[in-house]
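To start, the structure under review is shown below, and the notes come after it.
Numbering (this note's numbering), first residue to last: 217 to 834.
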């Protein structure tokens, strides 16, 4: 396509996106003026306590940009995997390789998968080899109570890895017995089964989730098959002055990795196994709440690349052991939290060697009311990386309640990330790490508002991130090998808008639109950059939840992403018929049957239809 035509197409797309935003804002303003005079009942989510922060607070009183996906939203979403579910969240970029959530990279606000932290019940899930597999979680969707997404600076109690933000997955806590099961079958010999068991009483609760999913693959002549299995268990015991929570999990995956990481040698296979164990406590000691935590994560990765008839195999085993001890006190007008933690990471690999490293951290956070409608929060995180030195990472935030339905916030923070072992030591024909890499350091700033008049909600935010010594992979045009390197002059800035309307209509349950615009700059010196510049310039997402007739539910999700090299548009649907506590459903992903990659070189499946049955006792 000629350059002038490409330029006009880009301009048209930009104008269309801006037009959507103008329509969105105008619609919200018009409707909210009517709704403000009516019911102003609080959204139940607004009173939900966000636990991912050092000082927990309700969603409506957050100092930062936070999104929450509830269990009810998960149940009616067309998304069949965690990756698909997160992809509909404003500011979150999910780049999938393969179908059904086989492998996916998650980034927030232009940050890469290495700069985004994932937690399970507050337990950080990191892998020193690479964070390509951070969504290999031993938790079926049926076991999730909610998902908290903190965009921007907000991980003071989790070290320096939450550069772009963090995702905290909270599993279900039960006070009565519960049972659920689900079966699904579809094209490409898809078959899936899941089971959920739970029990609870006055002092204890237990839940168990099991899921198995298989397919022969969407390309019959290429390795695109998969066999995924996971099991997760967690428990809770209430004590006289506190509680204990614990969990165990296993995630096992075997799949064809056709063109996952290179198009030059597309015949690839991969097998991964993730094991997780953790225990956390909570005790009330006077005016303080004491919170100890221990966790262990093991990950095994077997990767084969076939070159002609010769198989090249990389095998990696990582172990991460961590502990944390924190205390917090919440009094009238102010709250304080402080803590310490440590992590030991080990790897045994035929490609990366036998290595280990330690990390220690201390942190302090304090929140104080400045006036009846204003508050401030200050924090300091000191992280000591054994191989990369010590970093002082301050943070600050302000919040003001302008009215019962309108609030604003602003925050700033610093983060520092040490390189992964892949970035440091990988030596293959396609990728070469660099042992001289230093830690990358980022400064983050954001400001935003939340407006909830009646049945509408609108959140808007502006953000800027600047990174010194950004770690990425680069190569000169025409070269095959990617080289790990560090770059200056990096900045990302953007805007987010998220609007929802819980319509008081008999056939419309909810309408939502979200838009994210992102500008990224980097001094690349005419080199190709692997990750930092491969983020969407514009993302437009919308969802529609309908009840066209009694006991019938229809969900539609649409997402458009304008990237550097190609645009992508996804449309998914779910139609369900309720029969008491059971339902029959049909789901379709990529309804328009577009052949398009999201990450790497592997095209994702075209239209994929599945039918299923689900039962939930509660």
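All residues carry an ideal CB built from backbone N, CA and C; glycine is no exception. Note that the structure is a prediction, hence the values are computed from the model and not measured.
- Contact between the region 625-636 and the region 371-388 is present: 3 or more CB-CB pairs across the two stretches fall below 8 Å.
- Looking from the CA of residue 693, the closest CA among 781, 826, 744 belongs to 744.
- Sequence-distant partners of residue 549 (beyond 5 residues in either direction) whose C-beta falls short of 6 Å from its own C-beta, in its chain, are 585.
- DSSP places residue 688 inside the beta strand (DSSP E), whose first and last residues are 686-691.
- Separation of the CB atoms of residue 378 and residue 333 is rounded to 4 Å, and the pair is thereby assigned contact status at 8 Å.
- The straight-line gap separating the alpha-carbon atoms of residue 516 and residue 428 is approximately 19 Å.
- Boundaries for residue 639: no beta strand (DSSP E) harbours it, while the alpha helix (DSSP H) harbouring it runs 637-641, taken from the DSSP string.
- In this structure, the straight-line span from the alpha carbon of residue 662 to that of residue 758 is close to 24 Å.
- For residue 500, the pairing in a beta bridge is given by DSSP as 505.
- The criterion of a C-beta distance shorter than 7 Å is satisfied by residue 713 and residue 676.
- Where residue 531 is concerned, the enclosing beta strand (DSSP E) starts and stops at 526-547.
- Residue 751 carries a coil assignment under DSSP once its states are collapsed to helix, strand and coil.
- Of the residues 277, 271, 270, the one whose Cα lies closest to the Cα of residue 666 is 277.
- Distance between residue 289 and residue 388, taken at the CA atoms: about 14 Å.
- Within 10 angstroms of the beta-carbon of residue 645 lie fewer than 16 other beta-carbons, which makes it exposed.
- Within a 10 Å sphere around the beta-carbon of residue 523 sit fewer than 16 other beta-carbons, which makes this residue exposed.
- Annotated as distal: residue 471 and residue 711, with beta-carbon spacing of 7 Å or more.
- The closest CA to that of residue 390, considering only 536, 685, 402, 451, is found on 451.
- Cβ-Cβ separation between residue 577 and residue 556: approximately 7 Å, consistent with a contact (criterion under 8 Å).
- For residue 721, the secondary structure class from DSSP, reduced to helix, strand or coil, is coil.
- With a contact defined as Cβ atoms closer than 8 Å, residue 798 and residue 771 miss out at about 18 Å.
- Within the same chain, 453, 497 come within 6 Å of residue 460 by CB-CB distance, once the 5 residues on both sides are set aside.
- Around the beta carbon of residue 437, a 10 Å sphere encloses fewer than 16 other beta carbons of the protein chains shown; the residue is thus reported as exposed.
- Between residue 307 and residue 754, the alpha-carbon positions lie close to 10 Å from each other.
- By the criterion of at least three beta-carbon pairs nearer than 8 Å, the region 524-540 is in contact with the region 552-569.
- Where residue 282 is concerned, the enclosing beta strand (DSSP E) starts and stops at 281-286.
- Annotation: the continuous alpha helix (DSSP H) that includes residue 301 extends over 298-303.
- Annotation: residue 743 is outside any beta strand (DSSP E) and is labelled neither H nor E by DSSP.
- When secondary structure is reduced to three states using DSSP, residue 767 falls in the coil class, being assigned neither helix nor strand.
- A direct Cα-to-Cα measurement between residue 354 and residue 618 gives close to 42 Å.
- DSSP places residue 309 inside the beta strand (DSSP E), whose first and last residues are 308-313.
- Residue 431 is positioned such that its CB atom lies no closer than 7 Å to that of residue 367.
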